[in-house]
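Beneath this line is the structure, given in structure tokens, with notes to follow.
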Amino acid sequence: MSTDNYTATTPTLDEVVFERRNKEYGAYDLRLAYRSLLTKAFLLGTLIFVLLVVGPFLYLKMTQEKAKEEKIVEVNLDDIKDLPPPPEEIKAPPPPPPPPVEPPKVEIVKDMIPEPKPNPKREEPPKKMEETKDTTIGTADQKGEKTTAFVQPPPPKDTGAGKAVEAPKADPNKIIEGGLEQQADFIGGIEKFRRLVGDNFDQSDFEGLGETISSSISFVVERDGTISDVRATGSNSAFNKEAEKTIRGIKGKWTPGKMQGDYVRSRFRLPLKMAFE
Numbered sequence: 026m027s028t029d030n031y032t033a034t035t036p037t038l039d040e041v042v043f044e045r046r047n048k049e050y051g052a053y054d055l056r057l058a059y060r061s062l063l064t065k066a067f068l069l070g071t072l073i074f075v076l077l078v079v080g081p082f083l084y085l086k087m088t089q090e091k092a093k094e095e096k097i098v099e100v101n102l103d104d105i106k107d108l109p110p111p112p113e114e115i116k117a118p119p120p121p122p123p124p125p126v127e128p129p130k131v132e133i134v135k136d137m138i139p140e141p142k143p144n145p146k147r148e149e150p151p152k153k154m155e156e157t158k159d160t161t162i163g164t165a166d167q168k169g170e171k172t173t174a175f176v177q178p179p180p181p182k183d184t185g186a187g188k189a190v191e192a193p194k195a196d197p198n199k200i201i202e203g204g205l206e207q208q209a210d211f212i213g214g215i216e217k218f219r220r221l222v223g224d225n226f227d228q229s230d231f232e233g234l235g236e237t238i239s240s241s242i243s244f245v246v247e248r249d250g251t252i253s254d255v256r257a258t259g260s261n262s263a264f265n266k267e268a269e270k271t272i273r274g275i276k277g278k279w280t281p282g283k284m285q286g287d288y289v290r291s292r293f294r295l296p297l298k299m300a301f302e
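To convert, note that position 227 of the sequence shown is 252 in our numbering; the numbers rise steadily by one, no gaps.
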């Protein structure tokens, strides 16, 4: 027997395992294709992993390159130069007022009726009709033109001996009860002050009385807008005490009253009536 064309082959593990077994079942084919399938799966998984890792980087790189390619237009703004101030307009001085024009003097004849007195002194006798004709009668003689029209005689000259009478100044500490030029008012309005009184009044001691209690509140509005000397006059002393406490505790200032253009101390009166069920 010739052995020139005979090649000895070593059986594989798969051939040894499936020797004398049904190789048409499918398991034998799977064992033969296992290495090929494993290699393909490894390569495909590696490719997908690389795409997931490198893909975002490539996308970011491409967008940056695209942004660089966009045309950038530079706008240069010229510096604003400080302009010199406009020349000051030189105003010409106003013309001097014209000198006062004195009216022409007219002739005035002194002619006064003597004042009746118990022991009259010797006075100048009244002027005759001829002397007062075509003249103006006054309190002193004055030479000038004769005229038949009445001319107001000049006022008497001021000797400077008299002193101006100053109006008496009001006492700044005096409390004005009434007759103000401008009444004192709460900043925000008197209705706001009434609401504050009602909201801050402690009614716990008066609940269940089933009656209406009234009182008259008065206080002094000072010149700085604060209040003092709070008084409550009513038949219920507990109600009066709580009303005074409520008024003192309200935050806010007043606009003081005015007298002769100056702020003064004034008394403000507020009636208070509350119904308790």
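Cβ coordinates follow ideal geometry from the N, Cα and C atoms, glycine included.
inquiry  = Looking only at its chain, what residues have a beta carbon closer than 6 Å to the beta carbon of Asp104, apart from the 5 residues adjacent to it on each side?
reply    = In the sequence shown, residue 104 corresponds to position 79, counting from 1. Because the pLDDT of Asp104 is 48, which lies under 50, any placement of that residue in the model is unreliable, and the question is left without a value.
key: Span of the alpha helix (DSSP H) around Arg220   = Along the sequence shown, read from residue 1 onward, the residue named residue 220 stands at position 195. Arg220 -> alpha helix (DSSP H) spans 215-225.
inquiry  = If I measure Cβ to Cβ from Asp254 and keep anything under 7 Å in the same chain, skipping five residues before and after, which residues do I get?
reply    = Indexing the sequence shown from 1 puts residue 254 at position 229. Closer than 7 Å at Cβ, skipping near neighbours: Phe244, Val245.
ask   = Alpha carbon to alpha carbon, how far is Asp287 from Asp249?
value = Translated into positions along the sequence shown, residue 287 becomes position 262. Translated into positions along the sequence shown, residue 249 becomes position 224. CA-CA distance, Asp287 to Asp249, rounds to 12 Å.
ask   = How would you label Ser240, buried or exposed, when you count the other beta carbons within 10 angstroms and need 16 or more for buried?
value = Position 215 of the sequence shown, counting from 1, holds the residue named residue 240. Buried, by the Cβ-count rule.
message = The beta strand (DSSP E) that contains Thr258, what's its start and end?
response = Here residue 258 refers to the residue found at position 233 of the sequence shown. Per DSSP, Thr258 belongs to the beta strand (DSSP E) from 252-259.
key: Short Cβ contact (8 Å threshold) for Ile13 with Phe264   = The structure shown does not extend to residue 13, since the chain spans only 26 to 302, so no value can be given for it.
request  = Would you tell me roughly how many angstroms separate the C-alpha atoms of Glu247 and Pro281, rounded to the nearest one?
outcome  = On the sequence shown, residue 247 is found 222 positions in, with the first residue counted as 1. On the sequence shown, residue 281 is found 256 positions in, with the first residue counted as 1. Their Cα atoms are separated by approximately 6 Å.
key: Where the alpha helix (DSSP H) through Arg273 begins and ends   = Within the sequence shown, the letter at position 248 stands for residue 273. That run of the alpha helix (DSSP H) goes 262-274.
ask   = Arg273: buried (16+ other C-beta within 10 angstroms of its C-beta) or exposed?
value = Along the sequence shown, one-based indexing puts residue 273 at 248. Its Cβ having fewer than 16 others within 10 Å, Arg273 is exposed.
task = Tell me whether the beta-carbon of Leu205 lies closer than 8 Å to the beta-carbon of Lys283.
result = Taking the first residue of the sequence shown as position 1, residue 205 is located at position 180. Taking the first residue of the sequence shown as position 1, residue 283 is located at position 258. Going by C-beta atoms, Leu205 is nearer than 8 Å to Lys283.
query = Does the beta-carbon distance from Phe226 to Glu267 come in below 8 Å?
reply = Walking along the sequence shown from the start, residue 226 turns up at place 201. Walking along the sequence shown from the start, residue 267 turns up at place 242. Yes, Cβ-Cβ distance for Phe226 and Glu267 is below 8 Å.
ask   = By DSSP, does Val98 sit in helix, in strand, or in coil?
value = Start at 1 with the first residue of the sequence shown, and residue 98 comes out as number 73. A caution first: Val98 carries a pLDDT of 46, below 50, which makes its placement in the model unreliable, though a value can still be read off. Reduced to three states, the DSSP call for Val98 is coil.
request  = Tell me where the beta strand (DSSP E) around Val246 begins and ends.
outcome  = The residue labelled residue 246 in the question sits at position 221 within the sequence shown. If you look at Val246, you'll find it in the beta strand (DSSP E) that goes 236-246.
inquiry  = Does Pro81 come out as helix, strand or coil in the three-state DSSP assignment?
reply    = Sequence index remark: in the sequence shown, residue 81 carries index 56 (1-based). The answer is helix: DSSP assigns Pro81 an H, G or I state.
Pairwise C-alpha distance: Pro121 and Ile115 = The residue given as residue 115 occupies position 90 in the sequence shown. The residue given as residue 121 occupies position 96 in the sequence shown. If I take the Cα positions, the gap works out to 18 Å.
inquiry  = Is it buried or exposed, Thr271, if we count other Cβ atoms within 10 angstroms and call 16 or more buried?
reply    = Reading the sequence shown from its first residue, position 246 is the one you call residue 271. Thr271 is classed as buried because its beta carbon has at least 16 other beta carbons within 10 Å across all chains shown.
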